[in-house]
Structures are given as C-alpha cells and as structure tokens.
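Single-structure report; data block below.
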Amino acid sequence: MEQFCIQCDHVTLSYENQAVVSDLSFTVEEGDYLCIIGENGTGKSTLMKGLLGLKKPSSGSIVLGEGILRSQIGYVPQQTPVQRDFPASVWEVVLSGTQNSRGWRPGYGKREKELAGEKLELLGISELRSKSFRDLSGGQRQRVLLARSLCAAKKLILLDEPTAGLDPLVTEEFYHLLLDLNRSQHITVVMVSHAIQEALGHADHILYLSQDSYFYGTPLEYAASRAGQRFLKRCKGKGGRP
Amino acid sequence: MIEYVTRMFSYPFMVRALAVGLLVSLCAALLGVSLVLKRYSMIGDGLSHVGFGAVAVASALHLAPLAVAVPVVVAAAFLLLLLGESGRLKGDAATAVFSTGALAVGVMVMSVSTGMNADVNSYLFGSILAASRQDVAVSVVLSVIVLILYVFFYEKLFAVTFDETFAKATGMKTGVYNALLAVLTAVVVVLGMRMMGALLISSLIVFPALTAMRLFRSYRSVILGAVAFSLLGFLAGIGISFGWGAPAGASIVVVDMALFGICSFAAWPRRR
C-alpha cells in the first residue's frame, strides 16, 4: 500500500461555531495530484488553512504522513495586492523559502543558496534572478512563488488558487509545470483551483466541495457523478469558471 | 560652508543632537521599510501621541521622560498589535482611539500641572535642545540595540513582511516577529520624539522608505537607499534648522518631502 501524505478524518472546520467544512474525510496518497474545486463560499480556502495547520479543526483530525513535518510543506498563496507591489528581487523571494531550515540563525548559508539556485533552475527562471518581483508578469510571479515553496518543501506542496487572474494559456502552462514536478520530482500536489477544465485534465483526484456535501474521486468518476455533471454544466455556461 | 559647519559643531548640544539624530534616523529608516510595506504607516503617528501623553505625565511627576515613555509606548504597541489580531477594534480605529486619547490626557495633565508653556511646544514639534546628557546616553544605547536586533533578524523580518501566511505555514513564529517589529518601532518613536516632535516623528519613519521605493527594485537596495535618504534628510534638515533657527523636526520633514518629490519625478518616466 502507498504511504499517505495527508489524512483527513471526519474533519469539521468552523468560524465562530458556524461550520464551513463539515465531516470531511479523504486521504492524499504520496505522489498524488489533487485538485480541490467547488463554488465560492464552500470552504476551499478554509480547508487549505486547516491543511496548513493555520486553523485547528473543531472536530475530527488532520494527520500528516510519516516523515512530513508541518514546516516542510510548501505553500503557494493567492497573490495579495501587497505582494504585487513589493520591492524585492526574485532571488530574495526564493531564498526566503529556505527560512524554515535556518531556525534562529541569521543570514543564509551556502546550503540555502544552493537550494534556491537549484529550484530556480528547475522551474526555468534562473534568468529572472536579479529582476524585481513587481516587474514580473503574473505567470512569472507564480513560478517564483512556486520556487520559493519548493525551497521549503520536501515532499508536499499546497497551492491556493495559484492561477487566479492569469490568462488561460499561462494557466494551462502552470498546470502542466505542476504535473511535471509531480511526476519527475515525486512531489505531492494539493491545489485549490478555479480552472475546472485544467484541474480535470491534469489531476489524479478531485475533491469537490459544495454547501452540504462533497465528492472525492478521480476526474473521470467526478465527471460521471451527478454532482459533477451539474457543476460542470453550470461552469460551461460561464466560460469554464464556477 | 566649512566655516558654517565648524560653527555648528562648536556647540556641544549640536554634537549631541547629531549623534542621537543620526542613529535614530538610521533605525527609523530600517523599520520604516517594513512598516510601509505592511501597511502600518500610521502606527508611528499613533505611538508618538501615546509617547506625548507619557512624557507629559512624567514631567508632571518630575520623572525622567524617557524612563516613563519607553515602557508605556512599548506596552501601547503590544496592545495595538493584539487588538489588530483579535479583530475587535480594527487596526486603524484602534490607532486613532489610542493616539487621540493619549494626546488628550497629555494635554490635560500638562495644563493642570505646569500650564501650557514652551515645553508643550517642544514636545509637539521637537527641539534639539531638549536632549540632556543622560537622554543622549540612553538614546544611543537603545538605538544601537534596535540596530543589532534588526540586523540579526533581517531575513526573518523580510519573510514576515513579504508573506506572513507563508512564513507561518512553514513554521515561523510570526507573532514573535510582529511583536519585535512593534517593540522596535515603539522604541524608535520615543527616541525620535524629542528631536522631531510627537506630531512629526512618523515622517522620519515613512518618507525615507517611500523615497527609496521610488528608485530601487530589490529589498536590500530599498533598505540601504532608505538609510541613505534618512541620513541625508536629517543632516540637511539640521543644517537648515541651525541656519534659520527653524525647528529641527519640521526642517527635516521639509527636506524629506523635497527628496521624495525629486525621486518621484526622477522615477516617473520608468513607470508604465
């Protein structure tokens, strides 16, 4: 049996006694590519916070697989307006991803610098190294944040709507890049996604959240399910977005 | 020119003011970059009003102003931070409540105890004559501590400023670093208050950072640029103040403003 990366067991996440996600159970296997989809307000981002350990479940448990430390989960956030205008070089941003291995020690060592350089190389953005983060295009910025998350991650990265606001071509490219990483580097990918077609096209598993239930399975199973058909139909009417 | 500078340095109080001023300007510029980027620009202003209240109470009780103001303002900074996190009173509203409240208490205490005299003026608008020998010693020691802590935690403060969620998710104690930032800011605000005045200290924090951000694109260069602009603004401001007998604080702000204007203009063609 494959080892699991994350196991959610009857998880309920709530804000002020209002359950946002309730009684959710699923397992992310090592090497999995999971996309979490669903309409706005169904708790996708809250679930992400739960998986990151930033929010404690009010009941149930979220267990990380053997050998995975909380601090070794990579995270690619939704972009905030603060970041879009942040004066920092790509190198500074990527290097900051290695911070979790530094502890209290100031500065960055040779090991951290090598790691950051390696990840820039891996994502093909070495030439952006000394560019300013705020001068990049949306797609480049996401690659930089992905590189940073890979500096922090050993096995698992979580992404929260990383392609929001990107054009379809760049989005498609980004999903492909993730698939590459997933296959070649054996990195487990868990992503909240708005781009339904791309998610169905690339993911191994789909977790669909709706107001009162959820669906977990492969994209094919999802597309065949009643919930999936209803959701996909609605998305088509709006150009592929929920 | 040389004669002018020599004459300036022949007064012991000017030498003291320069020593303290340069150190405090340096610290303010460093912290300013983080504060501006975290959208906390007004926190300096709020804290300085609290500082004014504390200094007023201290002088009414004949206590050393710095010994009272530093702990009070540090406590206020902590409280603002906690309130901001718990979300009961939003950050800007909390700052407004604190600053006006403390200012009112300060003015009340002052008018009842010593009367509204020149002292009030020097606290509100700053005075380079205000620094006593003891004040200078305390200021130098505290600003050197701020400097050391800042340099030691430079990378952490960058990580927390750039992306707090990421930092937290990867196991950094973001609360500790936010608190550190608040405490350092509080100390710098109190130290700078004597020179700049309660009403003007936040410009010492905000202007150099904003000016540097116009010109530079990487974090390190913004930091170094802010320090350079801050020191330049301070020296030019002090010079003007000495020549025309204008208050040092206001002169420094006017120079900072001019630098900001020039750099914005210079950077304008590059903006798309």
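Quick mapping for you: the protein sequence lines, in order, are chains A and B. Start counting the first sequence at 203; every next residue gets the next number (our numbering). Start counting the second sequence at 5; every next residue gets the next number (our numbering). Cβ coordinates follow ideal geometry from the N, Cα and C atoms, glycine included. Just so you know, these numbers come straight off a predicted model, no measurement behind them.
Backbone CA spacing between residue i and residue j [nearest angstrom]
{"i": "A:Ala-221", "j": "B:Phe-220", "result": "46 angstroms"}
{"i": "B:Ile-2", "j": "B:Leu-22", "result": "Chain B is shown from 5 up to 276; residue 2 of chain B falls before or after that span and cannot be answered."}
{"i": "A:Leu-383", "j": "B:Arg-218", "result": "37 angstroms"}
{"i": "B:Ser-45", "j": "B:Ser-14", "result": "37 angstroms"}
{"i": "B:Leu-70", "j": "B:Val-116", "result": "21 angstroms"}
{"i": "A:Pro-364", "j": "A:Gly-340", "result": "10 angstroms"}
{"i": "A:Asp-369", "j": "A:Leu-381", "result": "19 angstroms"}
{"i": "B:Gly-265", "j": "B:Pro-212", "result": "12 angstroms"}
{"i": "A:Thr-373", "j": "A:Gln-399", "result": "11 angstroms"}
{"i": "A:Arg-432", "j": "A:Leu-256", "result": "32 angstroms"}
{"i": "B:Ala-98", "j": "A:Glu-268", "result": "44 angstroms"}
{"i": "B:Thr-10", "j": "B:Gly-243", "result": "11 angstroms"}
{"i": "B:Ala-254", "j": "B:Gly-241", "result": "8 angstroms"}
{"i": "B:Ala-135", "j": "B:Leu-26", "result": "14 angstroms"}
{"i": "B:Leu-34", "j": "A:Gly-403", "result": "48 angstroms"}
{"i": "A:Cys-237", "j": "A:Asn-219", "result": "27 angstroms"}
{"i": "B:Ser-234", "j": "A:Pro-259", "result": "47 angstroms"}
{"i": "B:Gly-83", "j": "A:Arg-313", "result": "Before going on, a small fix: residue 83 of chain B reads as Leu here, not Gly. Each residue's Cα considered, the two are about 39 angstroms apart."}
{"i": "B:Ser-38", "j": "A:Val-284", "result": "12 angstroms"}
{"i": "A:Lys-356", "j": "A:Trp-306", "result": "20 angstroms"}
{"i": "A:Ser-261", "j": "B:Ala-100", "result": "39 angstroms"}
{"i": "B:Ala-68", "j": "B:Cys-267", "result": "40 angstroms"}
{"i": "A:Ser-351", "j": "A:Leu-358", "result": "9 angstroms"}
{"i": "B:Pro-75", "j": "A:Glu-375", "result": "54 angstroms"}
{"i": "B:Ala-106", "j": "B:Gly-247", "result": "34 angstroms"}
{"i": "B:Pro-251", "j": "B:Val-150", "result": "26 angstroms"}
{"i": "B:Ala-173", "j": "A:Ala-401", "result": "24 angstroms"}
{"i": "B:Leu-87", "j": "A:Leu-411", "result": "34 angstroms"}
{"i": "B:Phe-102", "j": "B:Val-54", "result": "7 angstroms"}
When the options are compared against residue i, the one with the closest alpha-carbon
{"i": "B:Tyr-154", "options": "B:Ala-183, B:Met-176, B:Ile-6", "result": "B:Ala-183"}
{"i": "A:Glu-294", "options": "B:Ser-225, B:Val-140, B:Ile-244, B:Val-24", "result": "B:Ser-225"}
{"i": "B:Gly-175", "options": "A:Ala-349, A:Cys-237, A:Leu-402, A:Gly-276", "result": "A:Gly-276"}
{"i": "A:Tyr-281", "options": "A:Val-346, A:Gly-245, A:Gln-274", "result": "It should be pointed out that residue 281 of chain A corresponds to Gln in this sequence rather than to Tyr. The candidate whose alpha carbon is nearest that of A:Gln-281 is A:Val-346."}
{"i": "B:Val-113", "options": "B:Ser-147, B:Ala-141, B:Leu-65", "result": "B:Leu-65"}
{"i": "A:Leu-360", "options": "A:Asp-234, A:Phe-417, A:Asp-225", "result": "A:Asp-234"}
{"i": "A:Asp-286", "options": "A:Leu-253, A:Leu-434, A:Ser-412, A:Ser-334", "result": "The question names Asp, but residue 286 of chain A is Arg in the sequence shown. Nearest option by C-alpha distance: A:Ser-334."}
{"i": "B:Gln-138", "options": "B:Leu-195, B:Leu-83, B:Val-111", "result": "B:Leu-195"}
{"i": "B:Met-18", "options": "B:Phe-56, B:Ser-131, B:Leu-41, B:Ala-186", "result": "B:Ser-131"}
{"i": "B:Ala-32", "options": "B:Met-200, B:Leu-85, B:Glu-168, B:Met-12", "result": "B:Met-200"}
{"i": "A:Ser-224", "options": "A:Lys-356, A:Leu-215, A:Ala-355", "result": "A:Leu-215"}
{"i": "B:Gly-249", "options": "B:Met-12, B:Ile-6, B:Met-5", "result": "B:Met-12"}
{"i": "B:Leu-30", "options": "B:Ser-147, B:Asp-96, B:Leu-83", "result": "B:Ser-147"}
{"i": "A:Ser-273", "options": "A:Leu-254, A:Thr-248, A:Leu-249", "result": "A:Leu-254"}
{"i": "B:Val-231", "options": "B:Tyr-8, B:Val-28, B:Met-5", "result": "B:Val-28"}
{"i": "B:Phe-156", "options": "B:Pro-251, B:Arg-198, B:Leu-107, B:Leu-188", "result": "B:Leu-188"}
{"i": "A:Thr-420", "options": "A:Arg-343, A:Arg-336, A:Thr-229", "result": "A:Thr-229"}
{"i": "B:Tyr-223", "options": "A:Ser-332, A:Gly-319, A:Leu-317, A:Gly-252", "result": "A:Ser-332"}
{"i": "B:Gly-36", "options": "B:Ala-80, B:Tyr-8, B:Gly-179, B:Val-193", "result": "B:Val-193"}
Neighbour-count burial assignment, residue i, 16 or more Cβ in a 10 Å radius
{"i": "B:Arg-276", "result": "For B:Arg-276, the pLDDT reaches just 47, beneath the cut-off of 50, and the residue's location in the model is therefore unreliable, leaving the point undetermined."}
{"i": "A:Cys-210", "result": "buried"}
{"i": "B:Tyr-127", "result": "buried"}
{"i": "B:Pro-16", "result": "exposed"}
{"i": "A:His-378", "result": "exposed"}
{"i": "A:Gln-413", "result": "exposed"}
{"i": "A:Lys-246", "result": "buried"}
{"i": "B:Phe-269", "result": "exposed"}
{"i": "A:Tyr-217", "result": "exposed"}
{"i": "A:Thr-248", "result": "buried"}
{"i": "B:Ala-141", "result": "exposed"}
{"i": "A:Ala-354", "result": "buried"}
| Given a limit of 9 angstroms on CB to CB distance, which residues of the stretch 167-187 of chain B reach chain A? | Result list: Asp-167, Thr-169, Phe-170, Ala-171, Lys-172, Ala-173, Thr-174, Gly-175, Met-176.
| task | Decide if the stretch 299-314 of chain A is in contact with the stretch 158-169 of chain B; the criterion is three or more beta carbon pairs, one per stretch, under 8 angstroms apart. | result | Yes, since at least three Cβ pairs between the stretch 299-314 of chain A and the stretch 158-169 of chain B fall closer than 8 angstroms, the two stretches touch.
| request: Report yes or no: do the stretch 200-220 of chain B and the stretch 384-403 of chain A share at least 3 C-beta pairs separated by less than 8 angstroms? | output: Short answer: they don't touch.
| Given a limit of 8 angstroms on CB to CB distance, which residues of the stretch 32-50 of chain B reach chain A? | Correct list: Leu-41, Lys-42, Arg-43.
| How do the stretch 258-267 of chain B and the stretch 44-61 of chain B stand: do at least 3 beta-carbon pairs fall below 8 angstroms, yes or no? | The stretch 258-267 of chain B vs the stretch 44-61 of chain B: no contact.
| When you check each C-beta in the stretch 216-234 of chain B against every C-beta of chain A, which residues fall closer than 9 angstroms? | Within the stretch 216-234 of chain B, those residues whose Cβ lies closer than 9 angstroms to any Cβ of chain A are, in chain order, Ala-216, Met-217, Phe-220, Arg-221, Ser-222, Tyr-223, Arg-224, Ser-225, Val-226.
| field | Segment contact flag, the stretch 324-343 of chain A with the stretch 235-247 of chain A, C-beta cutoff 8 angstroms, min 3 pairs | value | No: the two stretches stay apart, fewer than three of their Cβ pairs being nearer than 8 angstroms.
| field | Interface positions of the stretch 291-302 of chain A facing chain B (Cβ-Cβ less than 7 angstroms), listed along the chain | value | From the stretch 291-302 of chain A, only Ser-291, Glu-294, Val-295, Ser-298, Gln-301, Asn-302 have a Cβ closer than 7 angstroms to chain B.
| field | Interfacial residues, the stretch 217-243 of chain A to chain B, with Cβ spacing under 9 angstroms | value | If the cut-off is 9 angstroms between Cβ atoms, the stretch 217-243 of chain A has nothing near chain B.
| said: Under 8 angstroms, with one C-beta from each stretch per pair, do the stretch 424-438 of chain A and the stretch 396-416 of chain A reach the 3-pair mark? | reply: By the C-beta criterion, the stretch 424-438 of chain A is judged to be in contact with the stretch 396-416 of chain A, since at least 3 inter-stretch pairs fall below 8 angstroms.
| If you measure beta-carbon to beta-carbon, which residues of the stretch 141-167 of chain B are closer than 9 angstroms to chain A? | Under the 9 angstroms Cβ criterion, the stretch 141-167 of chain B contributes Val-155, Phe-156, Phe-157, Tyr-158, Glu-159, Lys-160, Phe-162, Ala-163, Thr-165, Phe-166, Asp-167.
| said: At a CB distance below 9 angstroms, what residues from the stretch 366-396 of chain A approach chain B? Give them in sequence order. | reply: Cβ contacts with chain B come from no residue of the stretch 366-396 of chain A.
| query | What residues in the stretch 347-360 of chain A have a beta carbon less than 7 angstroms from any beta carbon of chain B? | reply | Correct list: Ala-354.
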